[in-house]
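One structure is given below, encoded as C-alpha cells.
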Amino acid sequence: MLEIDKINTFYGTSHILHDLSLTIPDGAMISVLGRNGVGKSTLLRSIIGLNPPRRGSITFNGRDLTRMSGHRRARLGVGYVPQGREIIADMTVSQNLEVAMFAKGMRSTKVPDFVYDLFPMIKPLMNRRGGVLSGGQQQQVAIARALVQEPDVLLLDEPTEGLQPSVVEEIDQIIRRIHAERNCSILLVEQNLFFVREVTEQFAIMENGQIVVSGDIAQLTDDLVAAHLSV
Amino acid sequence: MGDAVLTQFFSGFSLVAILIIAALGLAVIFGVAGVINMAHGEFIMVGAYVASVVQSGLGGNTFWSIPICFVAVGLLGLVVERTVIRGLYDRPLETLLATWGVSLILIVVIKMIFGTELHYVGSPEMLQGGFPAPGNLPFPWYRLFLILLSILLLIATFVLFFRTKFGLAVRAVRRNRSMSEAMGINTARVDMLIFAYGSGLAGVAGAVLAPIKTVSPTMGFPYAVDSFMVLVLGGVGNLMGVPVGAAIIGEGETILAFLFNSVIGKLLVFLLIVLVIRIVPRGIFGYQERTLGHRR
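From first to last, the protein sequence lines stand for chains P and Z.
Everything in the first sequence is counted per numbering that gives the first Met the number 0, starting at 0 for the first residue and increasing by one.
Everything in the second sequence is counted per numbering that gives the first Met the number 0, starting at 0 for the first residue and increasing by one.
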C-alpha cells in the first residue's frame, strides 16, 4: 500500500504539488488525469524520489519513503516507467533489462519467461541497441524493465504518449494484462479517456497541484471531464 | 633514414605507454563521473612519493608499490570525493577550482612531509638493462614493462566496464543518471567508487613513473597536461579514446622530434590537436549526446 499524505513538491522555487494526498491500495489501478502542467509527472517523480517533496510524507508498505534516496525506493519495490521511456540508448535491450535486475539487487539477471509472454516482440530485439528501436518498442522495453524488478507498485507516466493508434492499442492490452496477471498495483498517468474508463477502477483528477476529484471510475461523468479535462 | 624512423617508432611505444598509464585514471573519472580532476597530476605525484616510501622505508620494489599505490591513492581519491567533490557534481566550474585547490594542498603537504629535495626511486633489478631493438638501439626492459602494463591496465578497465554487472550499472549511470537512480542504482556510490578507481590508476601511474623521473612535489603538472591532451584528442566517450589519443601524441612527438627537434615536434603535435578538435570538438571518440538533458 502506497500512502501519499499532504505532500508539497517544488521545482526550484515554483511550488508544484500543494498538500496532495492519495492512497493506492494493494492491487488497485488508479488513473491520474488532468490537463498539461498540473503536476501529474511531478507526482510520480515525487514518489520515485527524483523530485522529493519538501513537506508531507510518502509511506510505502509501512516504510517512510519521504526522505529516502531514489535507488532505495526502487529496491523496496517501486517500479517506474518515465515519460519519454528513457531506455539506455547504447545498451542492448537485454542489457537494459539486466541492469534493472542488478540494480534491484536480484541474484539472477536472467530475463524471466513472463517478459517474453507479455512482450512477444522483445525476444528478436534482445541484442539490438535501445536507441535504434521505434517509440512503441522502446515503450515496451521500458515497461518490461520495470516489471523484471517485480515491483509492488508500478508508476506509469503517459505510456501511450506520441504513439500511433495501433501501438497504443497494443500497450493498452499489455497494461490490462499486467493488472490482471502481475501482482502489483498501478498508478497510471494517462490522457486516453477511453482506455481509462474501460480498464481502470479508480480515477483522480488533478488541478493546480492538487487532487480535486477522485472516486470509482463510474463516477467519472462527462460533466467532470468537461469541467476539468477539456481544453 | 626509413630504418631510423622505424627505430623511433619503436621507442615511441614507451611514450605512448606512459601517456596511457597517466591518462587512464583521468579519462575514467571524467568519462563516468563527469568531473575534470585538476588534481590528477598531483595524485600521480603522491603515488610516486608512496612508491619512494615503499622503496626506502619498506625495501619493496615497483612490483610492491603498484598495488600499494593503487590502494593508497585510491583512498585519497575516496576522501577527496567524499569531502570536496560530493556537493559540486552539477557545477563544473566550481569542481575545476576545488580540485585545483586540492592539487595545491597536496603539493604543500608533500613539501611539508618530504621537503623540497628530489627523491630517487630505482627500477626493479630484474628490469634493469635492455635488449637490442630493431635498428640496434638498446631498448630498456623497464620500458617494455611499461608497455605491457599499459595494455594490462587498459584490459582491466575494459573488463571492469564491459564484462561485469557493476560495469553495466556504471555505463547506465553515465548515460542516464536520474533513470539509473530511479531503477535502483546507488548513483552516489558509483561516482565514489569510480573516483576512487580513477585515483588508484593515478597512483599506479605514480608508482611506475617514479623510476624514470625524478620525484618532486611539482612533478605532476606535466603529466596532467599530457593527460588532458590525450583526452582532448581521443575523446572520453569511448575507452578507445585513451590509447588512440596517446598513440597519436606519443608517436607524433617521438618521430617529429627525431625529424626536426623536440620543440618543433611538440608544436606540430599541438597544432594537430587543434586541427582535430576544430573538426571533431569532442575528440576522435567523443560521445554525441542524443537524449535531452538529464545529465546532472
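Glycine included, each C-beta is placed from N, C-alpha and C at the ideal position.
Here the structure is a predicted model, which means the values were calculated and not measured.
Proximal residues of chain P, C-beta to C-beta of residue i below 7 Å
i       : result
E175(Z) : Looking at the sequence itself, residue 175(Z) is Asn, so the reference to Glu does not match. Ordered by position in chain P, the residues that pass the 7 Å Cβ test against N175(Z) are E85, I87.
L238(Z) : Those do not exist, as L238(Z) stays about 13 Å from chain P at its closest Cβ, beyond 7 Å.
R170(Z) : M90
Contact list for residue i against chain Z, beta-carbon separation under 8 Å
i       : result
L153(P) : Near L153(P) there are no residues of chain Z at all, since even the closest Cβ is about 12 Å away, more than 8 Å.
R74(P)  : G183
L49(P)  : S177, E180, A181
Q82(P)  : Within chain Z, no residue comes near Q82(P); the closest Cβ sits about 11 Å away, beyond 8 Å.
Y10(P)  : Residues of chain Z passing the Cβ test: none, with the nearest at roughly 13 Å.
Y115(P) : Near Y115(P) there are no residues of chain Z at all, since even the closest Cβ is about 20 Å away, more than 8 Å.
Cβ-Cβ distance between residue i and residue j below 8 Å
i       : j       : result
I86(P)  : V140(P) : yes
Q209(P) : H14(P)  : no
E80(Z)  : A195(Z) : yes
G59(Z)  : R74(P)  : no
T41(P)  : N35(P)  : no
L232(Z) : G244(Z) : yes
I142(P) : T159(P) : no
I46(P)  : L153(P) : no
Q163(P) : R84(P)  : no
E252(Z) : V268(Z) : yes
A97(Z)  : L105(Z) : no
I23(P)  : S213(P) : no
G249(Z) : I283(Z) : no
I211(Z) : Y141(Z) : yes
A209(Z) : S55(Z)  : no
L103(Z) : V214(Z) : no
A38(Z)  : V101(Z) : yes
I67(Z)  : V49(Z)  : yes
I35(Z)  : L95(Z)  : yes
R144(P) : N95(P)  : yes
Within-8 Å CB hit, residue i to chain Z
i       : result
K103(P) : yes
P158(P) : no
I121(P) : no
V98(P)  : yes
Q138(P) : no
R62(P)  : no
Q218(P) : no
P150(P) : no
R235(P) : Coverage of chain P is limited to positions 0 through 230, which leaves residue 235(P) absent and any answer about it impossible.
G135(P) : no
G214(P) : no
Q94(P)  : yes
Element boundaries [beta strand (DSSP E), containing residue i]
i       : result
L124(P) : L124(P) -> no beta strand (DSSP E), and no H or E assigned at all.
H14(P)  : 13-23
G30(Z)  : Counting along the chain, G30(Z) falls outside any beta strand (DSSP E), and DSSP gives it neither H nor E.
Segment limits, alpha helix (DSSP H) that includes residue i
i       : result
T253(Z) : 240-258
P164(P) : 164-180
H39(Z)  : 39-57
R54(P)  : Careful: R54(P) lies outside any alpha helix (DSSP H), inside the beta strand (DSSP E) at 54-59.
Y366(Z) : Nothing in the structure corresponds to residue 366(Z), since chain Z is present only between 0 and 295.
V229(Z) : 219-233
T61(Z)  : 61-79
V107(Z) : 91-113
N7(P)   : Run containing N7(P): none in the alpha helix (DSSP H); it sits in the beta strand (DSSP E), 1-10.
Supposed contact pair residue j and residue i - C-beta distance, whole angstroms, cut 8 Å
i       : j       : result
A22(Z)  : V229(Z) : 4 Å
I43(Z)  : G205(Z) : 4 Å
M90(P)  : G129(P) : 6 Å
F194(P) : I216(P) : The pair is not a contact, with the Cβ atoms about 11 Å apart (cut-off 8 Å).
D4(P)   : G55(P)  : 6 Å
V70(P)  : N185(Z) : It should be pointed out that residue 70(P) corresponds to His in this sequence rather than to Val. Confirmed, Cβ separation roughly 5 Å.
V188(P) : L43(P)  : 6 Å
T99(P)  : V131(P) : Correcting the residue identity first, residue 99(P) is Ala in this sequence and not Thr. Contact flag wrong, Cβ pair sits at about 19 Å.
I19(Z)  : P242(Z) : 6 Å
T58(P)  : E2(P)   : 4 Å
D156(P) : V80(P)  : 6 Å
L228(P) : L21(P)  : Wrong, their Cβ atoms sit about 18 Å apart, outside the cutoff.
R174(Z) : A88(P)  : 7 Å
Per-residue contacts from residue i into chain Z (C-beta, under 7 Å)
i       : result
T108(P) : K164
P52(P)  : Per Cβ cutoff of 7 Å: no residues; P52(P) is ~16 Å from chain Z at best.
G69(P)  : E180, A181
Beta carbon proximity, residue i to chain P, threshold 8 Å
i       : result
M178(Z) : yes
L159(Z) : no
I19(Z)  : no
T290(Z) : Here T290(Z) scores only 41 on pLDDT, less than 50, and its place in the model is too uncertain to base an answer on.
T186(Z) : yes
L167(Z) : yes
heavy atom of the ligand COA below 7 Å from residue i C-beta
i       : result
V147(P) : Among the components modelled here there is no ligand, and therefore nothing to report on the ligand COA.
8 Å Cβ cutoff, residue i in contact with chain B
i      : result
L87(Z) : The structure shown has no chain B; the protein chains it does contain are P and Z.
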